[in-house]
Structures are given as structure tokens and as C-alpha cells.
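In the numbering used here, the protein residues as written are 67 to 288.
Cβ coordinates follow ideal geometry from the N, Cα and C atoms, glycine included.
Encoded as C-alpha cells, the structure appears first; notes follow it.
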């Protein structure tokens with residue numbers, strides 16, 4: 067109730083300042099002073115509105131958890147992958163600004179070195195609570211670097227923000243897991259591409275997948 071009272075008081079103050087400006091349009095000194103007070107009052111009104119909105123939202127126990135960020139290019143071809151890269155790096159810079167730890171998990175690049183998809187683990191104080199409303203489809207309209215005739219294109223990316231689960235939150239049953247082996251790609255010695263040394267595990271109910279190909283042996287991977 068205190069927030070509502072403060073907000074109403076501030077709104078009345080803003081109305082009063084606007085009326086004062088209308089009453090003395092030719093007094094430059096007065097207008098300058100009132101304009102500055104009005105600017106400060108509007109900033110305070112926005113702050114109070116934000117606090118009020120947060121107080122109305124239900125408390126989420128996951129707000130203090132670390133998060134997994136996933137960014138995927140959508141419609142728009144190569145331009146969408148470049149937009150996905152911009153979005154991913156934006157969250158990286160924001161994390162550093164907030165003092166959070168930002169660890170890249172995986173990046174799949176496009177032909178123009180954009181990101182088809184990218185994921186990162188973000189850890190710090192209140193990460194999930196501050197980022198959870200970022201999830202969804204993000205769009206941009208701009209002239210892409212791939213466009214030679216100067217036409218504006220619309221591209222889209224999807225952003226997912228997932229809370230990192232504590233160990234006690236995860237219960238996996240063997241019948242819910244599918245384990246696939248396949249040939250490892252990239253460098254890794256003479257056996258890397260000749261033996262099924264990479265392992266991919268899929269959680270069937272959710273479709274969530276993890277994979278690793280760092281070791282030369284399935285037994286070492288598992």
C-alpha cells in the first residue's frame with residue numbers, strides 16, 4: 067500500500083508541474099526550473115511503477131538460481147544467424163557488466179560466422195530472476211550485410227532462459243534415457259573418425275540431449 071500511496075502522490079506532483087508550465091509559458095527561468103523538476107518526477111514515477119509491478123509478481127523460488135541461455139537463429143537465413151550472434155554477445159556483455167560468470171557451452175556457426183545456435187551457462191546473484199522474462203522470439207528489421215540492394219529484411223531468433231537445477235531436483239530413470247554412439251568429429255587422433263567414440267544421451271520425455279566427444283573410448287566417455 068505504501069508504494070501505491072507514493073505513486074499516487076508522485077502522479078499528483080507531475081500533474082501540478084504540468085499545470086505550472088501551462089500557466090507561465092513566457093517565463094523562461096521558471097520553465098527551465100519546472101522542466102527539470104518534471105523530468106526528475108517522471109523518472110521517480112517510472113521507478114515506483116517498476117517496484118510496484120515487481121511486488122505484484124508471485125515469488126519464484128528459482129529466481130536466485132544460475133541459468134542456461136540458448137539462442138537459435140530463426141527465419142531470415144544468414145542474416146538471422148548474424149542477429150543471433152549479436153543477441154548472444156549482448157547477453158555476454160550484460161553478464162560481465164552485472165559481475166556474473168558467462169561460460170560458453172556450445173556454438174554452431176553459419177557460413178558467415180554468425181551463430182545458428184549458441185548456448186551458455188550464466189552464474190551469479192539472481193541470474194534467473196533477472197533474465198527469465200527475456201525468453202521468447204526476438205525480431206529485428208535492418209539492412210543486412212548480405213543485402214547489396216539496400217532492402218530492409220526482417221529476421222528472428224528464439225531465446226530460451228532455463229534455471230539450472232540443483233542435484234536434488236533431478237531424478238532420471240534408465241528407461242527414460244536413450245544412449246547413442248557415433249563417430250567423433252574434428253581432431254582427436256587416428257581413431258577419432260574410425261570408431262564410435264562419441265556418446266549422445268537423450269532424455270526421452272523432454273527431448274533434452276547432451277553429447278560429448280572429448281575422449282577416444284566410449285568407456286572413458288561414460
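- The three-state secondary structure of residue 123, taken from DSSP, is coil.
- In the structure shown, the three-state DSSP call for residue 101 is helix.
- Residue 139 sits close to residue 221, with the two beta carbons spaced by under 9 Å.
- Per DSSP, residue 82 is one residue of the alpha helix (DSSP H) stretching across 68–89.
- The Cβ atoms of residue 223 and residue 178 lie no closer than 9 Å to each other.
- Taking all protein chains in view, the Cβ of residue 216 is surrounded by fewer than 16 other Cβ atoms within 10 Å, so the residue is classified as exposed.
- Closest in alpha carbon position to residue 100, among 80, 69 and 113, is 80.
- The C-beta of residue 231 has fewer than 16 other C-beta atoms within 10 Å across all chains shown, which makes the residue exposed.
- Within its own chain, the residues whose Cβ lies closer than 8 Å to the Cβ of residue 110, once the five positions on either side in sequence are excluded, are 76, listed in chain order.
- Straight-line spacing of the CA atoms in residue 103 and residue 112 works out to 14 Å.
- Between residue 167 and residue 187, the CB-CB gap stays under 9 Å.
- C-alpha of residue 205 to C-alpha of residue 192: approximately 26 Å in a straight line.
- By the criterion of a C-beta distance shorter than 6 Å, residue 203 is surrounded in its chain by 222 and 224, once the five residues flanking it on both sides are discounted.
- Residue burial is scored here from C-beta neighbours: residue 277 has fewer than 16 other C-beta atoms within 10 angstroms and is therefore classed as exposed.
- Around the beta carbon of residue 132, 16 or more other beta carbons lie within 10 angstroms, which makes this residue buried.
- Of 218, 237, 160 and 207, the smallest CA-CA separation from residue 200 is found for 160.
- In the three-state reduction of the DSSP assignment, residue 221 falls in the strand class.
- The beta carbon of residue 114 sits closer than 8 Å to those of 69, 72, 73 and 76, all from its chain and outside the five residues before and after it, given in chain order.
- When secondary structure is reduced to three states using DSSP, residue 209 falls in the coil class, being assigned neither helix nor strand.
- Residue 265 holds the alpha-carbon nearest to the alpha-carbon of residue 244 among 107, 265 and 170.
- Secondary structure of residue 246 (DSSP, three-state): strand.
- With respect to residue 92, residue 195 sits apart: the two C-beta atoms are not nearer than 9 Å.
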